[in-house]
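The next block holds one structure in the form of C-alpha coordinates; read it before the comments.
In this note's numbering, the protein residues as written are 2 to 51.
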(Lines of atoms letter the chains of each structure in order from A; the text may use other names.)
(Lines give C-alpha, C1' and ligand atoms only; values in the text may rest on other atoms or scores of the structure.)
Protein backbone atom coordinates (compact mmCIF):
# COMPACT_ATOMS: atom_id res chain seq x y z
CA UNK A 2 0.00 0.00 0.00
CA UNK A 3 1.18 3.53 -0.73
CA UNK A 4 0.59 6.67 1.32
CA UNK A 5 0.70 10.38 0.55
CA UNK A 6 2.56 12.31 3.24
CA UNK A 7 2.09 16.07 3.28
CA UNK A 8 4.31 18.37 5.31
CA UNK A 9 2.19 21.09 6.91
CA UNK A 10 3.00 24.78 7.36
CA UNK A 11 3.96 25.58 10.95
CA UNK A 12 1.72 28.67 11.14
CA UNK A 13 -1.56 27.86 9.44
CA UNK A 14 -1.36 24.08 8.86
CA UNK A 15 -1.74 24.21 5.08
CA UNK A 16 0.14 21.59 3.04
CA UNK A 17 3.57 22.81 1.91
CA UNK A 18 4.71 19.78 -0.08
CA UNK A 19 3.86 16.12 -0.46
CA UNK A 20 5.39 12.82 -1.37
CA UNK A 21 4.03 9.33 -2.01
CA UNK A 22 5.82 6.48 -0.26
CA UNK A 23 5.33 2.79 0.41
CA UNK A 24 4.10 1.58 3.79
CA UNK A 25 7.61 0.56 4.88
CA UNK A 26 8.83 4.18 4.63
CA UNK A 27 6.00 5.77 6.64
CA UNK A 28 7.41 4.87 10.07
CA UNK A 29 10.84 6.33 9.27
CA UNK A 30 9.35 9.58 7.97
CA UNK A 31 7.05 9.92 10.99
CA UNK A 32 9.96 9.36 13.39
CA UNK A 33 12.06 12.00 11.61
CA UNK A 34 9.18 14.50 11.71
CA UNK A 35 8.53 13.81 15.40
CA UNK A 36 12.19 14.40 16.23
CA UNK A 37 12.03 17.96 14.85
CA UNK A 38 8.42 18.74 15.73
CA UNK A 39 7.20 18.77 12.13
CA UNK A 40 3.48 18.38 11.43
CA UNK A 41 2.40 15.80 8.86
CA UNK A 42 -0.84 14.73 7.23
CA UNK A 43 -0.84 11.10 6.08
CA UNK A 44 -3.51 9.49 3.92
CA UNK A 45 -3.74 6.53 1.53
CA UNK A 46 -2.49 7.49 -1.90
CA UNK A 47 -4.84 7.32 -4.84
CA UNK A 48 -4.01 4.30 -6.92
CA UNK A 49 -4.77 4.17 -10.62
CA UNK A 50 -7.50 1.77 -11.67
CA UNK A 51 -6.19 -1.35 -13.38
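Glycine residues also receive a C-beta, built at the ideal position from the N, C-alpha and C atoms. Source: prediction; values computed, not measured.
Cβ atoms of residue 4 and residue 46 come within 8 angstroms of each other, at about 6 angstroms. Contact check for residue 42 against residue 2 fails: the beta carbons are separated by 9 angstroms or more. Under the DSSP assignment, residue 44 falls in the beta strand (DSSP E) whose first and last residues are 41-45.
In the three-state reduction of the DSSP assignment, residue 27 falls in the helix class, which pools H, G and I.
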